[in-house]
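Read the structure below first, then the notes.
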């Protein structure tokens, strides 16, 4: 199937980049943290266009690809213990095969001959170069006798098949299904949503028949509801998507499908003030989008559909429970023999959750496991990662994730009765992600943090544990972050093309691929044994020389104390890389602070390629001291850490950020605490605005982009972090348009407008569905009412991805340079930031 990222139009790419988290060894000095610049460089004058250009070179999009061989993405050749991967070379790329049995690495095919053969087969005007092959979608036969590849991007891509012994290539028809089709596991049937109904298509003949007939506008089968926050980009571009929240059973006989009811939802208007089609009249996009407290909400019903007969039965979810439509777990597993599916549901505030066993014939849904919490329940410590729930056998047992003990751990249950068989893991440390199951050996492989003494609790380490419990076995001994990526939630796989590649952990081969690094040590990739973690072979040492040549300096990561003086929190410090008169440097808090992710870089790649917030290295190049901190109220640790300050978690977080910066200033005399700024986007924008309005004695300048300033004026879904709203009658529904939930009053940032004593720049995109413009206007209205001056940057035709645009970045720099450095920023320069790929 073509890469979804290559198929999306530019407008959709701009949205997707927003939404919605090592190297040839250089000298030790080259890999060491940057030294404080106080006294290390001569005093410099005002910032110039050259300074901005040098800083722009360090932006995340502009440094993408500068680190060679940062990771190994294996393509396993059956169960032989051999795999091929693409590696970077001085000239470009090469494709190599590694054999674990003998440790040999060799080229997978004759690159020069393949380049010539493909060029001739496609009659390319610019022939491919065998020394720099970059073949996008490549598939190699297990015996290395042939390959097929798509040459080009998107609709322009051409399929080629080649035999390799001898080399001969020819054009071939594409065999990927259109992106709006969901193909059955047996490959015989595809389902598509069209005209408010689902249709089954015979893949071989193209014959089509309706699966449903009762859909209508507003009551649609498989429709992506407006609450998925992608409606405007989909309207404006050709962005095909498969039916929403629809899944095939493994035997290809049954569909679980969603019927979306938006009929009673009020309209939320978005005004496209400068239409992209060139017309002069503004365009109003009315979306079916409720806000907190609305009586009428989105209704999604689920059905089990027999694909052969077309008959369907509704799935009876427990009252008050729902499958989360934005961050859904999807169908977690099936029992083919029993005709069952397993789904996780929760109440809107996530204080009650259940694993349901669904009978596919009757639609009956039986709660197998039920949990409640006074705060919220999670299926993974990070909201955007795949739930840590795995079905074993044919629906016999289930691995369940719970933090009921105060820490996120794994438990084994009977999947039919729900009986707890035992704890798989336990202790004052956190399970992060499940990566593999060996059902025959009754072993599970997962990453976790905080178990090893005197190590950073955020560093990922891979462990093996018995499903029967006992002490886990550490498989990655290096004191570093072991960069084994987690699978994303199913919805992100569809939207962003972030489907995981082939597994890094192969218990059946007794092998796994481990890439490790720290913020100042480039990645090293090795092949290890799953038995004891011993190294089988070193595969790659990444080469960061081009990154260093661009002027990048490694930051420093450390644990400091939270505002309570007791709790360890992580902070990463980017020392100023440009001297200033007097040797003292303003400090900038690069913030996010949301309760669903942590953002302080853990490894080398995150240190220069972080996605939200962005630009720390660039700001350091402009002479700022920059700190990124994960305070209390964020995930990755125990529930006491995550729930600190609930529901006012940002207040605790702001205090922790200030505490971290003060401790950094004690260590680094170049930091000037009398000049402190903060910036952030999305929840970081919320955090940045609240910081300057609630802590005006510390923060002098704030750039707040796309922040939520009034939770009562945005779509439902924040209740999992803020608690459900409570109105005058004690319910979660308004009885009057102007009624405000009393329990949310402490969360209302607009009420703090009168505290503004510094400089505040608000940024918003007028087509941002994620954080609608009404949020910016509510804070603006409050600032006007309080007679407080503010600055505003409005971005026409921009969605939530505007944070990464060069114009927004440059205006942010200008704001800090003017109000923290006390200098006029250069005008004769244009900052650009290339596309930042999802990592």
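Residue numbers (the working numbering): 61 to 899.
For each residue, glycine too, the CB sits at the ideal point set by N, CA and C.
The structure displayed is predicted, hence computed values, not measured ones.
Inset, instruction - Round the Cβ separation of residue 522 and residue 542 to the nearest angstrom and send it over; I've been treating them as touching at under 8 Å. - result: As a first step, residue 522 must be located in the chain shown, where it is residue number 462. As a first step, residue 542 must be located in the chain shown, where it is residue number 482. With 8 Å as the limit, residue 522 and residue 542 qualify as a contact, their Cβ atoms being about 6 Å apart.
Legend entry - Identity of the residues DSSP links to residue 728 by a beta bridge: Here residue 728 is taken as the residue at index 668 of the chain shown, counted from 1. In the DSSP secondary-structure assignment, residue 728 is not bridged to any residue.
Inset, instruction - Check the C-beta distance from residue 623 over to residue 716 and give it rounded, since I have them as a contact under 8 Å. - result: Sequence index remark: in the chain shown, residue 623 carries index 563 (1-based). Sequence index remark: in the chain shown, residue 716 carries index 656 (1-based). For residue 623 against residue 716, the beta-carbon gap comes to about 5 Å, under 8 Å, which counts as contact.
Inset, instruction - Inspect the beta-carbon positions of residue 893 and residue 122 and report whether they are closer than 8 Å. - result: Mapped onto the chain shown, residue 893 falls at position 833. Mapped onto the chain shown, residue 122 falls at position 62. Against a cut-off of 8 Å, the Cβ pair of residue 122 and residue 893 comes out as a contact.
Legend entry - Within 8 Å, strictly: CB atoms of residue 303 and residue 253: The sequence position of residue 303 within the chain shown is 243, counting from 1. The sequence position of residue 253 within the chain shown is 193, counting from 1. It is a contact, given that the beta carbons lie within the stated cut-off.
Inset, instruction - Give me the Cα-Cα distance between residue 680 and residue 634, rounded to the nearest whole angstrom. - result: Counting from one through the chain shown, the residue named residue 680 turns up at place 620. Counting from one through the chain shown, the residue named residue 634 turns up at place 574. Straight-line Cα distance between these residues: approximately 6 Å.
Inset, instruction - Just list the alpha helix (DSSP H) runs in the stretch 162 to 230, keeping only unbroken ones of 4 residues or longer that don't cross its boundaries, in chain order. - result: Runs of the alpha helix (DSSP H) inside the stretch 162 to 230: 171 to 182.
Legend entry - Cβ-Cβ distance between residue 891 and residue 114 below 8 Å: Mapped onto the chain shown, residue 891 falls at position 831. Mapped onto the chain shown, residue 114 falls at position 54. No, they are not a contact pair.
Inset, instruction - Classify residue 845 as buried or exposed, calling it buried when 16 or more other Cβ atoms lie within 10 Å of its own Cβ. - result: Taking the first residue of the chain shown as position 1, residue 845 is located at position 785. Label assigned to residue 845: exposed.
Inset, instruction - Give the DSSP-derived three-state secondary structure of residue 3 in the structure shown. - result: Nothing about residue 3 can be reported from this structure: the residues present for the chain run from 61 to 899 only.
Inset, instruction - Determine the closest residue to residue 454 out of 424, 425, 399 and 466, with distance taken between C-alpha atoms. - result: Within the chain shown, residue 454 is the residue found at index 394, counting from 1. When only C-alpha atoms are compared, the closest one is 399.
Legend entry - Reduced DSSP category for residue 803 - H, G, I as helix; E, B as strand; rest coil: Sequence index remark: in the chain shown, residue 803 carries index 743 (1-based). DSSP places residue 803 in helix when its eight states are reduced to three.
Legend entry - Supposed contact pair residue 736 and residue 351 - C-beta distance, whole angstroms, cut 8 Å: Here residue 351 is taken as the residue at index 291 of the chain shown, counted from 1. Here residue 736 is taken as the residue at index 676 of the chain shown, counted from 1. Wrong, their Cβ atoms sit about 34 Å apart, outside the cutoff.
Inset, instruction - Measure from the alpha carbon of residue 220 to the alpha carbon of each residue in 231, 212 and 227, then state which is nearest. - result: Reading the chain shown from its first residue, position 160 is the one you call residue 220. Measuring from the Cα of residue 220, the nearest candidate turns out to be 231.
Legend entry - Run of the alpha helix (DSSP H) containing residue 866, from where it starts to where it stops: Counted from its first residue, the chain shown places residue 866 at position 806. Where residue 866 is concerned, the enclosing alpha helix (DSSP H) stretches over 866 to 876.
Legend entry - Cβ neighbour criterion (16 or more within 10 Å) applied to residue 72: Sequence index remark: in the chain shown, residue 72 carries index 12 (1-based). Because the pLDDT of residue 72 is 34, which lies under 50, any placement of that residue in the model is unreliable, and the number read from its coordinates should be weighed accordingly. Residue 72 sits buried, since 16 or more C-beta atoms from the chains shown fall within 10 Å of its C-beta.
Legend entry - Local conformation of residue 461 per DSSP, three classes: Here residue 461 refers to the residue found at position 401 of the chain shown. Residue state, collapsed to three classes: strand.
Legend entry - Spatial neighbours of residue 280 in its chain, beta-carbon cut-off 6 Å, leaving aside the 5 residues before and after: By one-based count along the chain shown, residue 280 stands at place 220. So the list reads 256 and 320, once near-sequence residues are dropped.
Inset, instruction - Return the CA-CA distance between residue 426 and residue 809, expressed in angstroms with no decimal places. - result: Counting from one through the chain shown, the residue named residue 426 turns up at place 366. Counting from one through the chain shown, the residue named residue 809 turns up at place 749. So the two alpha carbons sit approximately 42 Å from each other.
Legend entry - Contact belief for residue 820 with residue 762 at Cβ below 8 Å, rounded distance in angstroms: As a position in the chain shown, residue 820 is number 760, starting the count at 1. As a position in the chain shown, residue 762 is number 702, starting the count at 1. Yes, residue 820 and residue 762 are in contact; Cβ-Cβ is about 5 Å, under 8 Å.
Inset, instruction - May I ask which residues mark the beginning and end of the alpha helix (DSSP H) holding residue 779? - result: Translated into positions along the chain shown, residue 779 becomes position 719. Note, residue 779: alpha helix (DSSP H), 779 to 782.
Inset, instruction - Could you pull the start and end residues of the beta strand (DSSP E) that residue 844 belongs to? - result: Within the chain shown, residue 844 is the residue found at index 784, counting from 1. Counting along the chain, residue 844 falls outside any beta strand (DSSP E), though it belongs to the alpha helix (DSSP H) covering 834 to 845.
Legend entry - Own chain residues within Cβ distance below 6 Å of residue 779, not counting five before or after: Here the question's residue 779 lines up with position 719 in the chain shown. Excluding residues within five positions, the ones whose Cβ falls inside 6 Å are 408 and 409.
Legend entry - Classification of residue 344 by the beta-carbon crowding that lies within 10 angstroms, buried from 16 upward: The count along the chain shown starts at 1 and reaches residue 344 at position 284. Classified as exposed, residue 344 has fewer than 16 neighbouring CB atoms from the shown chains inside 10 Å of its CB.
Inset, instruction - Drop a sphere of 10 angstroms on the beta-carbon of residue 567, count the other beta-carbons inside from all chains shown, and report buried for 16 or more, exposed for fewer. - result: Locating residue 567 in the chain shown gives position 507, where the first residue counts as 1. Around the C-beta of residue 567, 16 or more other C-beta atoms lie within 10 Å, and the residue is accordingly described as buried.
Legend entry - Contacts around residue 161, its chain only, beta-carbon distance under 7 Å, and the 5 residues preceding and following it disregarded: The sequence position of residue 161 within the chain shown is 101, counting from 1. Closer than 7 Å at Cβ, skipping near neighbours: 141.
Inset, instruction - Specify, as a first and last residue, the run of the beta strand (DSSP E) that residue 296 falls within. - result: Mapped onto the chain shown, residue 296 falls at position 236. Counting along the chain, residue 296 falls outside any beta strand (DSSP E), though it belongs to the alpha helix (DSSP H) covering 291 to 296.
Legend entry - Complete runs of the beta strand (DSSP E) confined to the stretch 303 to 350 [at least 3 residues]: Entirely contained in the stretch 303 to 350, the beta strand (DSSP E) runs reaching 3 residues are, in chain order, 314 to 321, 327 to 332 and 343 to 348.
Inset, instruction - Would you list, in sequence order, the uninterrupted alpha helix (DSSP H) runs of no fewer than 4 residues that lie entirely inside the stretch 554 to 624? - result: Complete alpha helix (DSSP H) runs here, min 4: 605 to 609.
Inset, instruction - Label residue 551 either buried or exposed according to how many other C-beta atoms from any shown protein chain fall within 10 Å of its C-beta, with 16 as the threshold for buried. - result: In the chain shown, counting from the first residue as 1, residue 551 sits at position 491. Here residue 551 is buried, its C-beta having at least 16 other C-beta atoms within 10 Å.
Inset, instruction - Check whether the Cβ atoms of residue 39 and residue 460 lie closer than 8 Å to each other. - result: With the chain covering only 61 through 899, there is no way to say anything about residue 39.
Legend entry - Start and end residues, alpha helix (DSSP H) containing residue 471: Position 411 of the chain shown holds residue 471. Annotation for residue 471: no alpha helix (DSSP H) segment contains it, though the beta strand (DSSP E) segment containing it runs 469 to 474.
Legend entry - Continuous alpha helix (DSSP H) assignments of at least 4 residues falling wholly in the stretch 691 to 719: Listed in chain order, the complete alpha helix (DSSP H) runs (minimum 4 residues) inside the stretch 691 to 719 are 699 to 702.
Inset, instruction - Going by DSSP, name the residue or residues bridged to residue 393. - result: For the purposes of this step, residue 393 is identified with residue 333 of the chain shown, where counting begins at 1. Residue 393 is bridged to 402.
Inset, instruction - Take residue 880 and list the residues in its own chain whose beta-carbon comes closer than 6 Å to its own, dropping the five residues that flank it on each side. - result: Position 820 of the chain shown holds residue 880. The residues are 646, 735, 737 and 761.
Legend entry - Other residues of its chain near residue 435: CB distance less than 6 Å, five sequence neighbours each side excluded: As a position in the chain shown, residue 435 is number 375, starting the count at 1. Taken in chain order, the residues that qualify are 703 and 706.
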